Amino acid sequence: MITAVVYSESGGTFKTTMTANLAVALERMGARTLVIDLDPQEGNLTSLFDVGTSRSDPDADNLVKHILDMPDGEFDDLIETTNEGVDIIPSHDMLGDFTSNLEQKISYETGMKNMNRDEYPRFELLYDLLWNEHELNQRYDAILVDPNARAEDLLYNAIYALRTLIAPVKPAGKGNLSLDGLEELVGNMETQLDIEIGLSCVVPSGVGQTNAHQQYQQQFDDTDAFSTPVTIGNRESLMDAMWEARGSAFKVVEERWKTFKRDGEMVSEPGQRRLRDREIETLEKLFELAHFVATETFDADVDSVLELEVQDHDNRRIELMDKEQTEATP
Amino acid sequence: MNNFKSGSGNLDFGAEGDEKDTQESEEVVEESESRTTESPPEQVQSSGTTSSQNPGTAGDPDRETNQGSNEAAEYPYFVRRNNVGDERDTRLEIHVRDSVAEQEGRFRSRLADELDVSEVSKTDAREFALLAAYEYPEKVAELMEDEGFSVI
Numbered sequence: 001m002i003t004a005v006v007y008s009e010s011g012g013t014f015k016t017t018m019t020a021n022l023a024v025a026l027e028r029m030g031a032r033t034l035v036i037d038l039d040p041q042e043g044n045l046t047s048l049f050d051v052g053t054s055r056s057d058p059d060a061d062n063l064v065k066h067i068l069d070m071p072d073g074e075f076d077d078l079i080e081t082t083n084e085g086v087d088i089i090p091s092h093d094m095l096g097d098f099t100s101n102l103e104q105k106i107s108y109e110t111g112m113k114n115m116n117r118d119e120y121p122r123f124e125l126l127y128d129l130l131w132n133e134h135e136l137n138q139r140y141d142a143i144l145v146d147p148n149a150r151a152e153d154l155l156y157n158a159i160y161a162l163r164t165l166i167a168p169v170k171p172a173g174k175g176n177l178s179l180d181g182l183e184e185l186v187g188n189m190e191t192q193l194d195i196e197i198g199l200s201c202v203v204p205s206g207v208g209q210t211n212a213h214q215q216y217q218q219q220f221d222d223t224d225a226f227s228t229p230v231t232i233g234n235r236e237s238l239m240d241a242m243w244e245a246r247g248s249a250f251k252v253v254e255e256r257w258k259t260f261k262r263d264g265e266m267v268s269e270p271g272q273r274r275l276r277d278r279e280i281e282t283l284e285k286l287f288e289l290a291h292f293v294a295t296e297t298f299d300a301d302v303d304s305v306l307e308l309e310v311q312d313h314d315n316r317r318i319e320l321m322d323k324e325q326t327e328a329t330p
Numbered sequence: 331m332n333n334f335k336s337g338s339g340n341l342d343f344g345a346e347g348d349e350k351d352t353q354e355s356e357e358v359v360e361e362s363e364s365r366t367t368e369s370p371p372e373q374v375q376s377s378g379t380t381s382s383q384n385p386g387t388a389g390d391p392d393r394e395t396n397q398g399s400n401e402a403a404e405y406p407y408f409v410r411r412n413n414v415g416d417e418r419d420t421r422l423e424i425h426v427r428d429s430v431a432e433q434e435g436r437f438r439s440r441l442a443d444e445l446d447v448s449e450v451s452k453t454d455a456r457e458f459a460l461l462a463a464y465e466y467p468e469k470v471a472e473l474m475e476d477e478g479f480s481v482i
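These protein sequence lines map, in sequence, to chains A and B.
According to the working numbering, the first sequence holds residues 1 to 330 in order.
According to the working numbering, the second sequence holds residues 331 to 482 in order.
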């Protein structure tokens, strides 16, 4: 079972595109994959995949109601399937009010049971829902969460439930890679909740060609505190086009989505994008990353062949090397 | 980086007997042998986890300043800057013909295409256009001569 929270201290759409690409890569490897969108902000995974039509309807049943154990419908009805085969539990505006809703519930329940508020297991609700109540581990091979960026109840619920993190980082104009905030958060959670949180890997992303960026990469390569299986280049145009294609970078390249100016207006269409080797290489890196997470972090059994069916081009077949045969375990 | 275990955390369903992390942690193997399908990995004592004691609060205010500033100077402009105005203290005003001004939009979108981004800011495009000219004065001379510079 592959379970990971894609966590980025800087938040933003960046972790969202990474989550989408990882999920689609895992699905293409044959892993039945579910993504859970816990980010209520615009530009989230739900809008990327063009699902969750009732996300703004306060009366609609949604994940928060299930986490708080007051559902308005079947849990399975929350799950939608994207056109790339990945299942998703979409975001809902109510996620933004999660903590206040949770506080109400805690007040009510602790009052009823005459228990101390501090004893309420406020970070364990998602865990109970996913694994105890609905046994999603029986139905999926991989579950990824795109969390809200703020360090609060929802994020802690996500980490408590999934236990493993993938951390995309974008090199900023500073010297060292800093995961201090993440480490502090994890350290506190581990002590207070008595769990062990794993870091699958750190993924330097948006890395350019300059010497400085190469130095960053060297820094990542040199550290043995965590794994950095791949570095993702600066592919702004490819990642931006995901919002037009309503899907992964794989979809963008295969359907050749491009945004361009026509008669003074910006339009986005499939069949227009030039096939670029560097973008194919990025897809290969994303696939390799998903493969690392699946095999190295979780010892799962997945395909290591990526088939790309690019519109109006010959199909491409990318076969990943079997790491275990070619190098010693790190 | 002491808090992390490199690899997966201790979520463990014990299903299908797949002992993840065999090469990393023997404790995890012990746990998976208990083969519990749905119970939590361990009983959790969650005292002291109210919102007022959220994990992950507080930051070391000194953290940001720990990195030496001379270190930053090693990095190229686009890496070390935070926004487009950084380090650009000199203001150059240029007067151009309409036909030249009109070409700038097309130039920027072609430049963006070359750089594989959706847009390049005017300030960046202009500064580097100037730098390009500094590097290729012969090209600049050629353009000027095309417009009759040597005639005067």
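All C-beta atoms in this analysis are idealised placements derived from N, C-alpha and C, irrespective of residue type, glycine included.
The model shown is predicted, which means the values in this text are computed figures rather than measured ones.
- Non-local beta-carbon contacts of K170(A) in its own chain, meaning distances under 7 Å to residues more than five positions away in sequence, involve S10, F14, S205, G206 in chain order.
- With respect to the C-alpha of L144(A), the residue from E133(A), T46(A), L162(A) having the closest C-alpha is L162(A).
- Taking each of Y7(A), S8(A), L26(A) in turn and checking the Cα distance to T295(A), the smallest one comes out for L26(A).
- Excluding residues up to 5 positions away in sequence, A60 lie with their Cβ nearer than 6 Å to the Cβ of S54(A) in the same chain.
- Against chain B, the beta carbon of E236(A) has neighbours under 9 Å at L445, D446, V447, S448, listed in chain order.
- By the neighbour-count criterion, in which a residue is buried when 16 or more other Cβ atoms sit within 10 angstroms of its Cβ, P168(A) is buried.
- For A60(A), there is no enclosing beta strand (DSSP E), as DSSP marks it with neither H nor E.
- Secondary structure of M242(A) (DSSP, three-state): helix.
- Rounded to whole angstroms, the separation of the alpha carbons of P121(A) and E307(A) is 45 Å.
- Taking a Cβ-Cβ cut-off of 7 Å, the neighbours of N340(B) in chain A comprise R163, I195, E196, given in sequence order.
- A check of alpha carbon separations from L460(B) across V409(B), E423(B), D416(B) identifies E423(B) as the nearest.
- Bridge partners of T3(A) according to DSSP: I143(A).
- Closer than 8 Å to the CB of F298(A) there is at least one CB belonging to chain B.
- Ranking E236(A), L63(A), L129(A), F75(A) by CA distance to the CA of D443(B) puts E236(A) first.
- Of all C-beta pairs linking the stretch 433-450 of chain B to the stretch 236-245 of chain A, three or more are shorter than 8 Å, placing the two stretches in contact.
- L165(A) has V5(A), L199(A) as its beta-bridge partners, per DSSP.
- Chain-order list of chain B residues neighbouring S10(A): empty, with the shortest C-beta distance near 13 Å, by a criterion of under 8 Å.
- Here the alpha carbon of K285(A) sits roughly 46 Å from the alpha carbon of V426(B).
- Cβ contact annotation for V51(A) (same chain, cutoff 8 Å, sequence separation greater than five): E80, T82, I88, P90, in chain order.
- Contacts with chain A at 8 Å (Cβ-Cβ) include G337(B).
- Any Cβ of chain B closer than 8 Å to the Cβ of F250(A) would place that residue at the interface, and such an atom is absent.
- For T46(A), the enclosing alpha helix (DSSP H) covers residues 45-48.
- Chain B has a Cβ within less than 8 Å of the Cβ of D240(A).
- Around the beta carbon of G435(B), a 10 Å sphere encloses fewer than 16 other beta carbons of the protein chains shown; the residue is thus reported as exposed.
- Neighbours of T3(A) in chain B, taken as residues at a C-beta separation under 7 Å, are given in chain order as L341.
- Residues of chain B whose Cβ lies closer than 7 Å to the Cβ of S107(A) do not exist; the shortest such Cβ separation is about 12 Å.
- For the pair L185(A) and A151(A), the CB atoms are nearer than the 8 Å cut-off.
- S200(A) is a Cβ neighbour of G337(B), given a cutoff of 8 Å.
- When DSSP states are grouped into helix, strand and coil, P40(A) belongs to the coil group.
- Taking a C-beta distance under 8 Å as the contact criterion, S304(A) and E319(A) qualify as a contact pair.
- Look at F250(A) here: in three-state DSSP terms it is helix.
- Contact between M242(A) and L48(A) is confirmed by a C-beta separation of about 6 Å, below the 8 Å threshold.
- When secondary structure is reduced to three states using DSSP, P204(A) falls in the strand class.
- Spanning the alpha carbons of E244(A) and E465(B) requires a straight line of approximately 39 Å.
- Take F479(B), set aside five residues on each side of it, and no residue of its chain has a beta-carbon closer than 6 Å to its own.
- Take the alpha-carbon of F260(A) and the one of G271(A): they are about 12 Å apart.
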